[in-house]
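The block underneath contains the structure these notes are about, expressed in structure tokens.
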Ligand SMILES: [Zn+2]
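Numbering (the numbering used here), first residue to last: 136 to 572.
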């Protein structure tokens, strides 16, 4: 079973398709509840088998309650000539996400406390939310705000905030084992590309490609609103959570930065080692960062009561790049190549987890004679030393306690070469697989 899903020659095709999918989702005004996230899930559901769940407003989930459902039709500010000087139809970032409805006329002095800008990037619109405090507001370019003249403005936010549902989507792909790999991404940001759409696109394509394979693990993909979605899912799926053996939160994985991987709270879980190994062999500039209790939904999965082995894969680290949570996190900020490479890295990580078996050497007294078995030259004919080296490492360290990832780490040889070596030795009767306890 090969997990090198995205071969080099298919990279540009995969990248273009990922970017197209992000483009399709980009205009939707998403939030933690409401029709925007539902429409997003509907489009994801056109590609993969997605089950959606609706949890009613007021449902208690641990220390939280599912909030009211927010929907928005339109919003604007009109000047005294009746011109829309700010228009939700042009950018959904213009509205403070979760704004309560308002329709009134007011002087600039009264309007100003409801305007949010980003003075350090005067042409960008900031992305702001007010989920848990009822408020209304507009976000706009700082330069535009400076040009507003005194006078009276018509202010309208045509939104509703009512009892309804929190909606999330789940795609379950069964494998041989009931043990699960969790892939989680948030689907609650409006027109923001790297922060939300990159994760959604890569997760959707991963689910699509895994669907056709025979799998060791079962895979569960969650498309959820950030924070409250993960808390809701964990509250309602405590038994399922016990089956999670490895997990990844995917966010900000479409920009041009090198990779960053934030480790799980367990610090040295198999997923942490698998990602570090894959990145070491694919992106020399990648950085591994320690766990911290702030970030995306790994915060919930790694809360002490669950302490699941779930890390967070990023390119640029959330909150640290200037475009983060602004209108500059747009489709141009994404790169098709980066998206394709992120897809490929995730697939390679799954490849490690799927194939990380332990073996026992059946001929442990001195080296078996590889040449006699045709194993002292490469399968391709000529003999790249590393293939032979990999076989010797596998034979030497396969004492039934070390996994192939242990051997890959100790030898410095990439997992896929170690795995190929082990499979070849097994088929030649020199190794046997040790079934996990
Ligand atoms: Zn965000």
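Backbone N, C-alpha and C define an ideal beta-carbon position, used for all residues, glycine too.
Burial state of residue 501 is exposed, judged by a 10 Å Cβ sphere holding fewer than 16 other Cβ atoms. With a threshold of 6 Å, the Cβ atom of residue 330 counts as near ligand 1, since some heavy atom of the ligand is closer than that. In this chain, residue 183 is not harboured by any alpha helix (DSSP H), its DSSP state being neither H nor E. Residue 165 sits close to residue 323, with the two beta carbons spaced by under 7 Å. Within the same chain, 287, 288, 289, 290 come within 8 Å of residue 240 by CB-CB distance, once the 5 residues on both sides are set aside. Shown here for residue 406: same chain residues with a beta carbon closer than 6 Å to its own, the five before and five after excluded, namely 381, 444, 446 in chain order. Of the other Cβ atoms in all chains shown, 16 or more fall within 10 Å of the Cβ of residue 462; this residue is therefore buried. Inside the stretch 254-322, DSSP marks whole alpha helix (DSSP H) runs of 4 or more residues at positions 277-281, from first to last along the chain.
One alpha carbon belongs to residue 541, the other to residue 421, and they sit about 20 Å apart. For residue 209, the closest of 284, 193, 191, 229 by C-alpha to C-alpha distance is 229.
Excluding five sequence positions before and after residue 391, the CB atoms of its chain that fall closer than 7 Å to its own CB belong to 470, 473, given in chain order.
DSSP lists 319, 447 as the beta-bridge partner residues of residue 384. With respect to residue 174, residue 299 sits apart: the two C-beta atoms are not nearer than 7 Å. Taking C-alpha positions only, residue 282 is separated from residue 231 by approximately 20 Å.
Out of 364, 438, 185, the CA that lies nearest to the CA of residue 306 is found in 185. Boundaries of the alpha helix (DSSP H) around residue 472: 471-490.
Non-local beta-carbon contacts of residue 316 in its own chain, meaning distances under 6 Å to residues more than five positions away in sequence, involve 352, 354, 381 in chain order. When rounded, the separation of the alpha-carbon atoms in residue 414 and residue 394 is 8 Å. The shortest CA-to-CA distance from residue 155 to any of 437, 179, 411, 297 is the one to 179. Linking residue 403 to residue 425 through their CA atoms gives a straight-line distance of about 10 Å.
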